[in-house]
Amino acid sequence: MSRISGMNLRFTIGDMKLKANKFTLDITDNSAVVKTNGIPDGSVDGDVEASGEMEFTTSQFNLLVKVAKRFGAYRGMPAFDGMGFGNVGKEELKVEMFGMKLKISNLLDVDSNGGNALMHKVPFDITSPDFIHINGVPYLRDDETADVIG
-10 MSRISGMNLR
0 FTIGDMKLKA
10 NKFTLDITDN
20 SAVVKTNGIP
30 DGSVDGDVEA
40 SGEMEFTTSQ
50 FNLLVKVAKR
60 FGAYRGMPAF
70 DGMGFGNVGK
80 EELKVEMFGM
90 KLKISNLLDV
100 DSNGGNALMH
110 KVPFDITSPD
120 FIHINGVPYL
130 RDDETADVIG
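Numbered by my numbering, the letters in the sequence shown go through residues -10 to 139 in order.
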């Protein structure tokens, strides 16, 4: 049976289809256990955040350059919705990311010995209350985002 690997995942940011050499997405959920007299006694919701990083070859990075040019500056680009999707028959994974605000780090990391393609790192933060959906299921409950203006 085939399993999903990084080779099977494809990514979209807004209307761009990109091939990332590496893509990470981390969720921080600060929910916690409540204790009474040092004994666990339920839990409380905590704040959440999500961020990640994409790593592109120059040809893929230049697609982002075109978008930035359209908005007049890299920091002028709006937050985009994005998706990572992989399917290998019976196994499928779809991760939707809402409000991806892109930044740039490691613009150049050059090794004069060559042997590897030049890579560019693009970190991002999730800025929308829609947050993250995994296979169509939202990470946050409806009651958590009902009064949030997005």
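The beta-carbon is built from N, C-alpha and C at its ideal position, and this holds for glycine as well. Since this is a predicted model, take the numbers as computed values, not measurements.
Cβ-based neighbour list, residue i, same chain, cut-off 6 angstroms, excluding 5 preceding and 5 following
i: residue 37; result: 18
i: residue 70; result: 87
i: residue 84; result: 73 and 123
i: residue 92; result: 112
Sequence-distant residues of its chain with Cβ nearer than 7 angstroms to residue i (five each side left out)
i: residue 29; result: 22
i: residue 20; result: 32, 33, 34 and 35
Other residues of its chain near residue i: CB distance less than 8 angstroms, five sequence neighbours each side excluded
i: residue -7; result: 75, 76, 77, 80, 81 and 82
Between the CA atoms of residue j and residue i - distance to the nearest angstrom
i: residue 15; j: residue 137; result: 22 angstroms
i: residue 50; j: residue 117; result: 24 angstroms
i: residue 43; j: residue 1; result: 12 angstroms
i: residue 111; j: residue 9; result: 10 angstroms
i: residue 96; j: residue 133; result: 37 angstroms
i: residue 60; j: residue 25; result: 53 angstroms
i: residue 65; j: residue 119; result: 22 angstroms
Supposed close pair residue i, residue j - CB separation, criterion 8 angstroms
i: residue 123; j: residue 115; result: Wrong, their Cβ atoms sit about 13 angstroms apart, outside the cutoff.
i: residue 68; j: residue 90; result: 4 angstroms
i: residue -4; j: residue 52; result: That pair is no contact at about 20 angstroms.
C-beta contact flag for residue i and residue j at 8 angstroms
i: residue 46; j: residue 106; result: yes
i: residue 100; j: residue 108; result: no
Beta bridge counterpart(s) of residue i as assigned by DSSP
i: residue 7; result: 0
i: residue 115; result: 89
i: residue 57; result: DSSP, once it has assigned bridges, lists no residue as partnering residue 57.
i: residue 28; result: 25
i: residue -7; result: None, per the DSSP bridge assignment.
i: residue 13; result: 42
Contact test: residue i Cβ vs the ligand ATP heavy atom, cutoff 7 angstroms
i: residue -10; result: As presented, the structure is devoid of all ligands, the ligand ATP included, so that no description of it is given.
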